[in-house]
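So the structure is just underneath, and the comments pick up after that.
Printed below as a string of C-alpha cells:
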C-alpha cells in the first residue's frame, strides 16, 4: 500500500513524520520562510504547528540574521498560525523582546513605575477596593507587554495562577513570576482580583463581593475561577453600585479604549509625581497631563512611553531654560 504522503508535494517526511509545509493563503515569501521553519522544527523534534514561543526563539537563535530578516521570519510563522486557526507564537512577549531590545528596557522601566503605584491602590472597601484590585491587574498586564487589544480579549481560562507564576495565554504570551512583595507580587495581585471576579457573573454576586471587600481578613488565600465561566472576560467593568456590567452568568469585557485610558492615567500620575530638578510638581504635572492627553492612547504602551520620555525631557529642558 502506498503512503498518501508520497503523492503530496506540500508535505515532506522526516523519520516518517509529516511536516506541514503548506498553509493555504500564504504569499510566496511567507510560504518560503514557513517551509524552512517547518522543516527545521521537524529535524529538531519541535512542533511546528502550533509552535510555542520557545520553539520560535530557538529557531531564531540557530538562524541569526538582521533585525529585518528576523522580523520577516516571525511574521511568516505568525501568519501561518493565524491562517491555520492557531494563536501566533510571535505575539509572546519573549519573542517581541528578542526582536526589539529597546522594548524590554522601556517596559521594565514602566513596570518599576507600576510597582511603585500598586501599594497605593485600594484592595478593600466598597467599591473602591473593587476597582483598585482590577486596576492593579491592568497595570501588571500592560507593563508586561500585552497590547490593549490582547488585554481586552483575555478570557478567564487563559489565565493560570500558581504559587510561583501567573501565566497568560497558551504560548504563553506572558509569564509573571511571584516576587513575595505583599502589595505588588503578581500572584497576590491576581488572586485578589480572582477572589471577586469569581462572583461577578452571579445574580447576587455583588453581595459576596461586598463581603470580601469589607472583611478584615483574607478569607480565601487561593481563590479559583469557576470552570463554567472560563469563556467570560477576565477584565470587566462595574457600575456605581458595584454590579458587573452584562447579564447574569455573563460579563461585558472592558473595551480597549477604557483599558488604555485607565492604565495611562495611572502611569501618568507616577510620571508626574517625580519631576526632575526643582520644578513645581503641580506645574509640571499640569503641563505633562495636557500634552499627554493629545497622544493617541491606542498605540502600544512601549511606543507611548518612548514618546512620553521624549516629551518629558523636552518639557524639563524648556522649563529650566525659561527659569520656571
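Residue numbers (our numbering): 15 to 338. Glycine is no exception: its CB is placed at the ideal position from the N, C-alpha and C atoms.
In the DSSP assignment, residue 93 falls within the unbroken alpha helix (DSSP H) covering 81-97.
With respect to residue 252, residue 148 sits close: the two C-beta atoms are nearer than 9 Å.
In the three-state DSSP reduction, residue 191 falls in the strand class (E or B). Buried is the label assigned to residue 73, since at least 16 other Cβ atoms lie within 10 Å of its Cβ.
The beta carbons of residue 256 and residue 223 sit about 6 Å from each other, so the pair counts as a contact at 8 Å. With respect to the 9 Å criterion, residue 64 and residue 44 are not classified as neighbours on the basis of their beta carbons.
Look at the beta carbons and you see the stretch 241-248 touching the stretch 160-173: at least three pairs across the two are nearer than 8 Å. Less than 9 Å divides the Cβ of residue 154 from the Cβ of residue 132. Sequence-distant partners of residue 239 (beyond 5 residues in either direction) whose C-beta falls short of 7 Å from its own C-beta, in its chain, are 170, 208, 211 and 212. The three-state secondary structure of residue 157, taken from DSSP, is helix. Taking a cut-off of 8 Å on C-beta distances, the stretch 112-124 touches the stretch 75-92, as three or more cross pairs fall below it. With a cutoff of 9 Å on beta-carbon distance, residue 281 and residue 128 are scored as near each other. As the crow flies, the alpha-carbon of residue 217 is around 8 Å from that of residue 263. With contacts defined as CB atoms closer than 9 Å, residue 258 and residue 219 qualify as a contacting pair. Just so you know, the alpha carbons of residue 187 and residue 266 end up roughly 23 Å apart. Spatial neighbours of residue 237 in its own chain (CB-CB distance under 7 Å, excluding positions within 5 residues in sequence) are listed in chain order as 205, 208, 209 and 212.
The C-beta separation of residue 151 from residue 201 comes to about 12 Å, leaving the pair out of contact by the 8 Å criterion. Residue pairing by DSSP places residue 169 opposite 247 in a beta bridge. Residue state for residue 270 is assigned as helix, using DSSP reduced to three classes.
Looking at the DSSP output, residue 180 bridges to 175 and 190. About 14 Å separates the beta carbon of residue 67 from that of residue 164, a gap too long to meet the 8 Å contact definition.
Counting only the Cα atoms, residue 193 lies some 9 Å from residue 179. The C-alpha of residue 71 is placed about 9 Å away from the C-alpha of residue 104. The beta carbon of residue 108 is closer than 7 Å to those of 67 and 71 in its chain, skipping five residues each way along the sequence. Per DSSP, the beta bridge partners of residue 258 are 252. If you draw a 10 Å sphere on the C-beta of residue 229, you find fewer than 16 other C-beta atoms in it, and that means exposed. Bounds of the alpha helix (DSSP H) holding residue 200 are 200-211.
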